[in-house]
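In my numbering, the protein residues as written are 26 to 502. Note that CB positions come from ideal geometry on N, CA and C, so glycine has one too. For reference, the structure is listed below as structure tokens.
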Ligand code: GLN
């Protein structure tokens, strides 16, 4: 039996029955990693020794019939911008290539408390800046279905590792689409929870008002299980929300009869690949068939979301990344005095895209330009949010494409930043508004996976999971 193709629940059942052990599962995972990793490059660091120990501990708990959770013994990958005590955390950057954090992110503590087995740290665009995982100082990750294509980004390693079953599930981070888009390009499920639903403590900050950690899994049920275990208030993150966490698996399989799904008229206009539009229509029909009510809505300010996002995200990044000066964090290139040490460290430590963003961000925050760019972008952010607020008066969730273009080739866009930025048009609004979004695999274009996304009201991840489950399973209402 190929255990790697099973869901978390199925694996947990086999563990409980004693038909499979966490150590055996980890072995299968490791074999898979040895088989595919050289080609796909989904991991920056693997920690197989500590994983083996964790699997042995988990096995003992199952022998005593006392697993900690359904995640006990499940091999997981963690994006390399989420800090792990004693395990190198690079953020895909040369500047942090030897950085070993002294503490765990809250989500990592939570995974460990649930008995999950951390197998390694997944590849990503440097500091999560990118949409293709090409901006990694550790080489690009390849699309699991084609070595010539990108896996999406910035959580490309997390998505590819799940698609190839190098791990059963993984964590990514989403600032402007970095969970949902790579999930779609790799044919897996990815969720960006509501801002504040999951603690960001220990997530290396890119743009603090947009960043959110979320699950990447091979199916909607696993996504719900993982979210159950990482969500919740954390006193260490003042922006985390003190709102009870429901059991997200409870809604799965519930009929979606009568649920109102909005389809934004602006999202199917010019510039979107016709095959993506066809999937969008098919997804709409599939939801209608299982009883959803499709309602046309308007989100007119989405057309400004890329512009607003790239001002706000770069502004925040320029401030967040000021800490990498060679004094407290990461590698240092010694100069003749303090200033030249800063200069040398930063100019050799950061990659091209990160430098571009620091410069853009410093520019839009500088005096005289602050009002023209940053303030204006913040006002546009409010307008985008107001569009969504008013749509959610009439609909329970919104169906939208993930990307206006199919999965592209390695090297195709990376030299033209604007063309890379523009493909974030459908994913950035959720981050600007702080609302949850889930990407569900839907269709293939020339053999490469694509997905559609569902967006929801703040803290209504359960509705999204319920609808996503119906979309995935074709559950009749
Ligand atoms: N592609 C977007 C960017 O480059 C989003 C990245 C992300 O979500 N981390 O900023």
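- With respect to the C-alpha of residue 126, the residue from 144, 139, 138 and 106 having the closest C-alpha is 106.
- DSSP, read as helix, strand or coil, puts residue 404 in helix.
- Secondary structure in the stretch 224-312: the beta strand (DSSP E) runs of 3 residues or longer, each lying completely within the stretch, are 238-242 and 285-289 in chain order.
- Residue nearest to residue 309 within the set 293, 298 and 124 is 293 (criterion: CA-CA distance).
- Counting every other CB atom within 10 Å of its CB across the protein chains shown gives residue 84 a total of 16 or more, marking it as buried.
- Judged by their CB atoms, residue 311 and residue 285 are not nearer to each other than the 9 angstroms cut-off.
- DSSP places residue 321 in the uninterrupted beta strand (DSSP E) bounded by 318-322.
- Here DSSP, grouped into helix, strand and coil, assigns residue 116 to coil.
- When the Cα atoms are used, residue 274 and residue 362 turn out to be separated by approximately 57 angstroms.
- Fewer than three Cβ pairs drawn from the stretch 383-396 and the stretch 318-334 lie within less than 8 angstroms of each other, which leaves the two stretches out of contact.
- Within the chosen limit of 8 angstroms, ligand 1 does not reach the beta carbon of residue 475 with any heavy atom.
- Residue 121 has its alpha-carbon roughly 30 angstroms from the corresponding atom of residue 462.
- Sequence-distant Cβ neighbours of residue 472 in its own chain, meaning closer than 8 angstroms and more than five residues away, are 170 and 171.
- Distances between the C-beta of residue 168 and the heavy atoms of ligand 1 are all 8 angstroms or more.
- Relative to residue 241, the option among 254, 215, 229 and 408 whose CA is nearest is 215.
- Taking a 10 Å sphere around the C-beta of residue 364, we find fewer than 16 other C-beta atoms and assign the residue as exposed.
- Here the alpha carbons of residue 123 and residue 115 stand approximately 7 angstroms from one another.
- If you compare the alpha carbons of 334, 306, 190 and 431 with that of residue 154, the shortest gap goes to 334.
- According to DSSP, residue pairing for residue 425 in a beta bridge involves 478.
- In the DSSP assignment, residue 211 falls outside any beta strand (DSSP E) and within the unbroken alpha helix (DSSP H) covering 205-211.
- Residue 67 has its Cβ no nearer than 8 angstroms to any heavy atom of ligand 1.
- With contacts defined as CB atoms closer than 9 angstroms, residue 144 and residue 188 fail to qualify as a contacting pair.
- Remark: the shortest separation between the CB of residue 305 and any heavy atom of ligand 1 does not fall under 8 angstroms.
- Residue 201 has its CB nearer than 8 angstroms to a heavy atom of ligand 1.
- Using a cutoff of 8 angstroms, the CB of residue 150 counts as near ligand 1, since one of the ligand's heavy atoms is closer than that.
- Contact between the stretch 252-263 and the stretch 215-224 is present, with at least three C-beta pairs closer than 8 angstroms.
- When DSSP states are grouped into helix, strand and coil, residue 163 belongs to the coil group.
- Within the same chain, and ignoring the five residues on either side of residue 467 in sequence, the residues whose Cβ sits closer than 7 angstroms to its Cβ are 304, 308, 475, 476 and 477.
- C-alpha of residue 257 to C-alpha of residue 486: approximately 13 angstroms in a straight line.
- The alpha-carbon separation between residue 98 and residue 90 amounts to approximately 13 angstroms.
- Here residue 419 is exposed, its C-beta having fewer than 16 other C-beta atoms within 10 Å.
- Cα atoms of residue 63 and residue 442: separation of roughly 28 angstroms, rounded to the nearest angstrom.
- Spatial neighbours of residue 55 in its own chain (CB-CB distance under 7 angstroms, excluding positions within 5 residues in sequence) are listed in chain order as 73.
- Boundaries of the alpha helix (DSSP H) around residue 339: 330-345.
- With distances taken between CA atoms, residue 283 lies nearest to 492 out of 431, 104 and 492.
- Taking a contact to require three or more Cβ pairs closer than 8 angstroms, the stretch 445-460 and the stretch 331-351 qualify as touching.
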